[in-house]
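Here's the structure, in structure tokens; my notes come after.
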Amino acid sequence: MPNHDSQARDDKRAARVRPIREVAYADSPLGRVLVAATDSGLCAVYLGDDDAALLATLHASFPVAGTAAGVLAETAASAIAAYLRNEAPLPAFPLDPIGTPFQQLVWQALCTIPRGSTRTYGQLAQELGLPTGAARAVGRACASNSLAIVVPCHRALGSDGRLHGFRWGIERKRALLALEGVFLPLL
């Protein structure tokens, strides 16, 4: 099996040159939402409690990030917040995900999981035609997703059907799934 981790590091270094042009924030039931966009589309949707911490995380991932407000980022931030309040469906936005080809393949597969459904990392690996044992690589690709909610990595579960990590916190993952009609036992 190819070493996706070293490929990820090399590809991420090359990908970081795309500058962020827009950043916007919104309040939601899950805390603050930060949305960032390049000229090509959304590249980051982060969840957190503090704008400064979210912006610091963005700058750590995108060192050339700008912080000007813009129409795409503001529209997306408002729409995502409305989705999280269960007021409206999540519209489609142009996306500019920054990751390795393998990560982007996994992220595309995540986007095929409908609202109200989940898949295990192993099921995703199998759907992608990956060899047995690739579930961990799929899990790492999910963990690298910078587009929370719009690339629904929260719909991916461990092989036991339980919540196993979420960049923005397990309770946020549980809340997102509940919003979408998926209720998991508190274990």
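Counting from 1, position 147 in the sequence shown corresponds to residue 147 in full-length UniProt numbering; the numbering is continuous, with no gaps. Every residue, glycine too, gets a C-beta built ideally from N, C-alpha and C. Quick caveat, the model's predicted, so the values are computed rather than measured.
Exercise for review: Let me know the secondary structure DSSP gives residue 144 once reduced to three states.
Suggested key: Position 144 of the sequence shown, counted from the first residue, corresponds to residue 144. The answer is coil: DSSP assigns residue 144 none of H, G, I, E or B.
Can you tell which of 40, 160 and 78 has its C-alpha closest to the C-alpha of residue 94? If you number the sequence shown from 1, residue 94 lands on position 94. It is 40 whose Cα lies nearest to the Cα of residue 94.
query: Are the region 102 to 113 and the region 138 to 148 in contact at 8 Å, needing three or more beta carbon pairs?
result: These segments touch.
With a 10 Å radius around its C-beta and 16 neighbouring C-beta atoms as the bar for buried, classify residue 85 as buried or exposed. The residue you call residue 85 lines up with position 85 of the sequence shown. Result: exposed.
Next item on the list: State the Cα-Cα distance for the pair residue 226 and residue 180, rounded to the nearest angstrom.
Entry: The chain is shown only over 1 to 187; residue 226 falls outside these bounds and no answer can be derived.
- Within 10 angstroms of its Cβ, does residue 170 collect 16 or more other Cβ (buried), or is it exposed? Here the question's residue 170 lines up with position 170 in the sequence shown. That one is exposed.
Check your understanding: Is DSSP giving residue 122 helix, strand or coil here?
Key -> If you number the sequence shown from 1, residue 122 lands on position 122. DSSP places residue 122 in helix when its eight states are reduced to three.
Self-check item: Pairwise C-alpha distance: residue 183 and residue 162
Solution: Reading the sequence shown from its first residue, position 162 is the one you call residue 162. Reading the sequence shown from its first residue, position 183 is the one you call residue 183. Near 11 Å, if we compare the C-alpha coordinates of residue 183 and residue 162.
Q. Are residue 155 and residue 120 touching if we call contact CB-CB under 8 Å?
A. For the purposes of this step, residue 155 is identified with residue 155 of the sequence shown, where counting begins at 1. For the purposes of this step, residue 120 is identified with residue 120 of the sequence shown, where counting begins at 1. For residue 155 and residue 120, no; Cβs fall outside 8 Å.
* Asked: Any idea if residue 35 is buried or exposed, counting beta-carbon neighbours within 10 angstroms, 16 or more meaning buried?
  -> Walking along the sequence shown from the start, residue 35 turns up at place 35. With 16 or more Cβ atoms within 10 Å of its Cβ, residue 35 is classed as buried.
Quick one: is residue 131 buried, meaning 16 or more other Cβ sit within 10 Å of its Cβ, or exposed? Working through the sequence shown from its first residue, we reach residue 131 at position 131. The residue in question, residue 131, is exposed, as its Cβ has fewer than 16 Cβ neighbours within 10 Å.
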